[in-house]
Amino acid sequence: MFETIDEITQLVRDKEAEFQGDTGTSTAPSLHDRMEGDFELLTLEPYQPKDMYGNVRKGYQSFTTSKPRNFFDKILDGVNRAEMILTIETEEDANETEKKKAALGELFLFGLLERINRRLQRRGEPPLRESLAYWMCARGWYAMRALIYKSTREKEPVVDVLPWDPMRCTWEMSGDGLLWAAHKRFASAAQAQAEYGITTEGKTAYVIDFWDKDMNAVIVDGVWGKEPTPHDIGHPPVLIGAVGSMPSMQRKDYTGTIEYRGDSVWASSRGLYEPWNHYVSLLMDIAEAGMVGSMVWETEEGNKTLPDVDPFRNRQILQIKAGVEKLSHLELPKAPLETAAIVKLILDDIQQGTLPYPLAYGGTEESMSGRALAYLGDQTRSVYSPYSNAMALAYTWLCEELLSQFKNKVKGKMTVQGYDNKQQYYRAEIKPAGIDPNWFVSVTVKPKLPRDEEAEINMANASTASRGPGDLPLLSKETARENILQLRDPLAEGDKILAEMGNALPPIQGARIVAAMRRRGDDEGADLVQRFLDAQGLGLGGQPATGTPPGQNGAQPEQEIIKAVLLFLAENGGQELAKVIVESIRGGAALDPQVIASVVELLMQAGQRDLAQAFVALMSGGRGAAGATGEQPTGVMA
Numbered sequence: 002m003f004e005t006i007d008e009i010t011q012l013v014r015d016k017e018a019e020f021q022g023d024t025g026t027s028t029a030p031s032l033h034d035r036m037e038g039d040f041e042l043l044t045l046e047p048y049q050p051k052d053m054y055g056n057v058r059k060g061y062q063s064f065t066t067s068k069p070r071n072f073f074d075k076i077l078d079g080v081n082r083a084e085m086i087l088t089i090e091t092e093e094d095a096n097e098t099e100k101k102k103a104a105l106g107e108l109f110l111f112g113l114l115e116r117i118n119r120r121l122q123r124r125g126e127p128p129l130r131e132s133l134a135y136w137m138c139a140r141g142w143y144a145m146r147a148l149i150y151k152s153t154r155e156k157e158p159v160v161d162v163l164p165w166d167p168m169r170c171t172w173e174m175s176g177d178g179l180l181w182a183a184h185k186r187f188a189s190a191a192q193a194q195a196e197y198g199i200t201t202e203g204k205t206a207y208v209i210d211f212w213d214k215d216m217n218a219v220i221v222d223g224v225w226g227k228e229p230t231p232h233d234i235g236h237p238p239v240l241i242g243a244v245g246s247m248p249s250m251q252r253k254d255y256t257g258t259i260e261y262r263g264d265s266v267w268a269s270s271r272g273l274y275e276p277w278n279h280y281v282s283l284l285m286d287i288a289e290a291g292m293v294g295s296m297v298w299e300t301e302e303g304n305k306t307l308p309d310v311d312p313f314r315n316r317q318i319l320q321i322k323a324g325v326e327k328l329s330h331l332e333l334p335k336a337p338l339e340t341a342a343i344v345k346l347i348l349d350d351i352q353q354g355t356l357p358y359p360l361a362y363g364g365t366e367e368s369m370s371g372r373a374l375a376y377l378g379d380q381t382r383s384v385y386s387p388y389s390n391a392m393a394l395a396y397t398w399l400c401e402e403l404l405s406q407f408k409n410k411v412k413g414k415m416t417v418q419g420y421d422n423k424q425q426y427y428r429a430e431i432k433p434a435g436i437d438p439n440w441f442v443s444v445t446v447k448p449k450l451p452r453d454e455e456a457e458i459n460m461a462n463a464s465t466a467s468r469g470p471g472d473l474p475l476l477s478k479e480t481a482r483e484n485i486l487q488l489r490d491p492l493a494e495g496d497k498i499l500a501e502m503g504n505a506l507p508p509i510q511g512a513r514i515v516a517a518m519r520r521r522g523d524d525e526g527a528d529l530v531q532r533f534l535d536a537q538g539l540g541l542g543g544q545p546a547t548g549t550p551p552g553q554n555g556a557q558p559e560q561e562i563i564k565a566v567l568l569f570l571a572e573n574g575g576q577e578l579a580k581v582i583v584e585s586i587r588g589g590a591a592l593d594p595q596v597i598a599s600v601v602e603l604l605m606q607a608g609q610r611d612l613a614q615a616f617v618a619l620m621s622g623g624r625g626a627a628g629a630t631g632e633q634p635t636g637v638m639a
């Protein structure tokens, strides 16, 4: 669409003029002026006292409040600590293969995000989420460019995502999204040489990274750093968005309102800090004047003066004529009575536009009821929500963009590693063919607000309890865990409970006790405990468990039990245990009790109680597994 250096440079200049308010279409501060003013609040630009004509008053007190920075840090910390949940949604009737494929897709995304953060850290930048949160809170806008490409210097595809400073971005939208986007920055001469092989005349250079629907180009100080090159993505791989709910609007004269879009954390309070600094500075001037201690000596001639010595620090004897001369303090200046009312009004407005102090900063020791906490959390949420919602939208776009580019542009597999939603480490491998273009990515970001967890637990217990025989509870335990206790993964919590129940089974506990004693070198004690357990029928090598394993004609053949266990282990991360079982079968050796205990634990965690009982019965009955095929099913991650 745009192919020459002059076209691209002029396009960027025209948009910069619009964002800087140089077009004369609005009397309001321009978008860039607003962003720069907000940055001065962030960096606590020192206040300069001025007279009624706007002239700086030299020699007077100057107070600069820390409120804007404290508020910024509070909101930024809340957005950074907010709980982010990333999932690929599947239909309720989706089969097991589709669910496992989506789960692998989630792991792939977690791994890509980890790569992005590490790449940014190598550049000396914060992780992606922290960078985006900073721009959202400070600028009221956010921007980033996302790419996956194959590099000759890297074995695997490069995941290159850069957060951009929104004030350095220019762009134009259409009905289908971005027409083009550009990021303009200063680069040092060494950076220009290293990145683009260009030697600049000065110490710095302007760099314009330009993207449209078809091409990407880079201009460095008026020459091509990268000539227009097709990117084969089909759209600019750039996201630019505004924080807040204000849509694109036009005034009555059809001019735009971009200078009003995008809410920084000071959207409603930015005009209050200067008058606050002004009045506090005036009060400081009055306080300082009161410390001077000037005096008046009334005499008949009116020409006497006091020695230039502080009478409050040095002993002096002053001789004056009684009834004629008078020595008194100069009357101190006082702030008008209205000053207190003005200061209170400004402070009230600041608190309404930010967060109430000291409650929101943990400065209260008053006990609060669950209802009060819920009300406080609900009211505080409105301050965090614009930024947490923007973060969720940004990461949703990023995940879908990365999946699309990986599937359409990359050939060959890719290995990723990191931590999943449950903060468990993993390593996974995926190919472009494993990406489903119809996946629906869902990202939620929830700020952590005060909660009365004790009241929530009581409510959950009450809602899941029945009132008598035949009476049904109001809610299922899974619903109570999800909606009342707000657990991240209610199903996983149910699995943990089942796992704990499995660990509490006497055979499992006995095997673990014996194994622990052997690890500590107490073989004699372990043998005694094992004999006791066997005598009581509580050992894995003792009497068979009561009950008949399910199966055909009330019994399940040994071979079918072994095959079912091996298949389960292969599909649920137990490949090593399955390998041990197969080797034991081939060698005709008995399984170690600890291996049996580990298999039973996995089965109980997955709710496979019947299979666990059948496996324990088979192993405790002393029967072998002859006839098993010994084949190990292939795992989904293989």
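Adding 1 to a residue's 1-based position in the sequence shown gives its number in the numbering used here.
Think of the CB as a built atom: it goes at the ideal place given N, C-alpha and C, for glycine as much as any other residue.
Closest option to residue 561, judged by alpha-carbon separation, among 161, 616, 527 and 501: 616. Taking a 10 Å sphere around the C-beta of residue 198, we find fewer than 16 other C-beta atoms and assign the residue as exposed.
Shown here for residue 300: same chain residues with a beta carbon closer than 7 Å to its own, the five before and five after excluded, namely 326 in chain order.
Residue range 129-140 is occupied by the alpha helix (DSSP H) that includes residue 137, with no beta strand (DSSP E) assigned at that position. Going by DSSP, residue 418 is part of no alpha helix (DSSP H) but of the beta strand (DSSP E) stretching over 415-420. DSSP places residue 71 in the uninterrupted alpha helix (DSSP H) bounded by 68-82. The Cβ atoms of residue 129 and residue 162 sit closer than 8 Å to each other.
Residue pairing of residue 206 in beta bridges, as defined by DSSP: 188. The distance from the Cβ of residue 336 to that of residue 133 is about 45 Å, inconsistent with a contact at the 8 Å cut-off. In this chain, the beta strand (DSSP E) harbouring residue 296 covers 296-299. The bridge partners DSSP lists for residue 213 are 181.
If you ignore the 5 residues before and after residue 599, its C-beta comes within less than 7 Å of the C-beta of 578, all in its own chain and listed in chain order. Note that the stretch 383-401 touches the stretch 73-90; at least 3 beta-carbon pairs, one per stretch, sit closer than 8 Å. Sixteen is the threshold: since fewer than 16 other Cβ atoms of the shown chains lie within 10 Å of the Cβ of residue 52, the residue is exposed.
Around the Cβ of residue 68, a 10 Å sphere holds 16 or more other Cβ atoms; the residue is buried. Between residue 412 and residue 433, the gap from beta carbon to beta carbon is short of 8 Å. Its chain contains 141, 244, 245 and 387 as the residues whose beta carbon lies nearer than 7 Å to that of residue 264, once the 5 sequence neighbours on both sides are disregarded; these appear in chain order. Beta-bridge analysis with DSSP links residue 145 to 164 and 240. Around the beta carbon of residue 93, fewer than 16 other beta carbons lie within 10 angstroms, which makes this residue exposed. With respect to residue 446, residue 85 sits close: the two C-beta atoms are nearer than 8 Å. For the options 33, 484 and 404, the alpha carbon positioned closest to that of residue 158 is the one of 404. Of the candidates 205, 139, 235 and 534, the residue whose Cα lies closest to the Cα of residue 507 is 534.
CA-CA distance, residue 116 to residue 123, rounds to 11 Å. As the crow flies, the alpha-carbon of residue 259 is around 28 Å from that of residue 4. When only Cα atoms are considered, residue 613 and residue 381 end up about 49 Å apart. Per DSSP, residue 277 is one residue of the alpha helix (DSSP H) stretching across 274-293.
By the Cβ test, the stretch 107-114 is not in contact with the stretch 228-248, since fewer than three Cβ pairs between them sit closer than 8 Å.
Cβ contact annotation for residue 47 (same chain, cutoff 8 Å, sequence separation greater than five): 63 and 65, in chain order. Here residue 226 carries a strand assignment [DSSP, helix/strand/coil].
Boundaries of the alpha helix (DSSP H) harbouring residue 566: 559-572, taken from the DSSP string. For residue 203, the closest C-alpha among the options 194, 15 and 35 is that of 194. The C-beta distance from residue 606 to residue 503 rounds to 7 Å, short enough to meet the 8 Å contact threshold. Under the three-state reduction of DSSP output, residue 440 falls in the coil class, being neither helix nor strand. If you draw a straight line from the Cα of residue 227 to the Cα of residue 99, it is about 42 Å long. Straight-line measurement puts the Cα of residue 16 at about 12 Å from the Cα of residue 184. Residue 282 and residue 276 have their C-alpha atoms spaced approximately 10 Å apart.
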